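In full-length UniProt numbering, the protein residues as written are 1 to 308.
Working notes, beginning with the structure itself.
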Amino acid sequence: MSYSNEMYQTQSEEHNMIAPETSAPEAFDVPPRLPLDLRKHKRSISIHWGFILLTSCIAPLILYPTLHWGANLSDKISLSIASAVLGVTTVYSLGMRTWKLFKATANCRPLKSDSRWKFDFFHWNYLAGFVGVTIIFVIGLTHEPPSVRMSSLPPSLLCLQVGGTLVVTGFLSHFRVRQPFPVSSHPAGAIFRPGVLVIIEDIVAVDGGGDKEYRSALMARYAASPRFQRLIRNLNWFWGWSGFLLGLLLIVVISTVPDRTFAFGLGWTIPWIWAGTWSVITTYWVKSALKDERRSWYSIRKTTAVHV
1 MSYSNEMYQT
11 QSEEHNMIAP
21 ETSAPEAFDV
31 PPRLPLDLRK
41 HKRSISIHWG
51 FILLTSCIAP
61 LILYPTLHWG
71 ANLSDKISLS
81 IASAVLGVTT
91 VYSLGMRTWK
101 LFKATANCRP
111 LKSDSRWKFD
121 FFHWNYLAGF
131 VGVTIIFVIG
141 LTHEPPSVRM
151 SSLPPSLLCL
161 QVGGTLVVTG
171 FLSHFRVRQP
181 FPVSSHPAGA
191 IFRPGVLVII
201 EDIVAVDGGG
211 DKEYRSALMA
221 RYAASPRFQR
231 LIRNLNWFWG
241 WSGFLLGLLL
251 IVVISTVPDR
261 TFAFGLGWTI
271 PWIWAGTWSV
281 ITTYWVKSAL
291 KDERRSWYSI
301 RKTTAVHV
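See the structure below:
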């Protein structure tokens, strides 16, 4: 048996371990369907990401210089207000996500989850990022005078965290390392998946309202389609390495550039420009890859039918 066939068989077996018994068809005439149509959610997606962009990028960039130079407030007060706006919105978002996963009637928790406290992979990373950013803000604001440079670091640190996580899980998946603990819907003992796959699963299931139906469908698609697996691996490296290297580079630049105001601007704009650019590229890339997947799927099924 070839390596690819062995990998496919292992993934199919692991899918049977985590998916509901009624959701694992034995054969598909088309790639297993993902129950998500982004075109029907354009408005909600625009509002959600517009709010995040406003509070996490535009607000700090406008509030700090406006309050500091326009209202002649001190660095400490200006940075405190800017960070408070970001903190309040993040706490609200994290709190709502925690409630969605914790409530007794929740249908968005990872598959086979038997506890309210077993939050998904993205949630624990979100929480870790929030704690890290809060620590950086507190240290920066308690300096005398307050450190504008440290208040510029949170977006870069998040790029470093997320990018590093994707790179590490990418290598673990490539070398077929088995998980010593559950990761979202993937049980202990399963082979690590690329982090991008798990993040997609968690965000769509919880924040997008896809619930367990989407988690199960995504696992079925990944187990059944080698083309989809390749797309996920490539996206994982694309976002992982770029995010990790960008975060590392920005931390160095912010720490060394002479003008601290310029450093503040770089720290709060470059990561968002990168994320927006990568999102556009990813959108067209995924559309093209899924079309190729369907074409190759039809070709394989046709060839199989002829041989049968």
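Each residue gets a CB set at the ideal place from its N, CA and C atoms; glycine is no exception.
Fair warning: this is a prediction, and the values are worked out from it, not measured in the lab.
Chain-order list of residues whose beta-carbon lies under 7 Å from that of residue i (same chain, five-residue window excluded)
i: GLY244; result: Strictly speaking, residue 244 in this sequence is Phe, with Gly absent from that position. Correct list, in chain order: LEU160, GLY163, GLY164 and VAL167.
i: PRO145; result: ASP75
i: residue 330; result: An answer regarding residue 330 cannot be provided, because it is not within the stretch 1 to 308 covered by the chain.
i: TRP237; result: GLY170
Boundaries of the alpha helix (DSSP H) in which residue i is found, first to last residue
i: GLN229; result: 226-256
i: ARG149; result: 148-151
i: GLU201; result: 195-202
i: THR142; result: 121-142
i: PHE175; result: Taken as a continuous stretch (DSSP letters only), PHE175 belongs to no alpha helix (DSSP H), as it is neither H nor E.
Assumed close pair residue i, residue j - CB separation to whole angstroms, cut-off 8 Å
i: SER156; j: GLY247; result: 5 Å
i: ASP75; j: VAL148; result: 6 Å
i: ASP120; j: LEU101; result: 7 Å
i: LEU61; j: GLY265; result: 7 Å
i: SER80; j: LEU141; result: 6 Å
i: ARG227; j: ASP292; result: 7 Å
i: SER225; j: PRO31; result: 5 Å
i: LEU94; j: PHE130; result: 6 Å
i: VAL177; j: VAL198; result: In fact, because the Cβ distance is near 14 Å, the residues do not count as touching under 8 Å.
Cross-strand partners of residue i (DSSP beta bridge)
i: ARG294; result: Note: ARG294 sits in no beta bridge, so no partner.
i: ILE191; result: ARG178
i: VAL183; result: HIS186
Residues of its chain near residue i, where Cβ-Cβ distance is below 8 Å and the 5 sequence neighbours each way are ignored
i: TYR214; result: LEU34, PRO35, LEU36, GLU201, VAL204, ALA205 and GLY208
i: GLN179; result: HIS186, PRO187, ALA188, GLY189, ALA190, ILE191 and PHE192
i: HIS143; result: MET150
i: GLU26; result: Low local confidence applies: a pLDDT of 46 at GLU26 is under 50, so the model's placement there is unreliable, with the coordinate-based value given in what follows. Answer for GLU26: no residue qualifies.
Nonlocal neighbours in the same chain, by C-beta distance under 6 Å from residue i, ignoring five residues either side
i: SER78; result: TYR64, LEU67 and HIS68
i: ARG260; result: VAL148 and ARG149
i: ARG116; result: PHE102
i: ALA289; result: LEU231
Exercise for the section: Counting only runs of 4+ residues fully inside the region 31-96, write out the alpha helix (DSSP H) ranges in chain order. Expected result: 42-53 and 59-65
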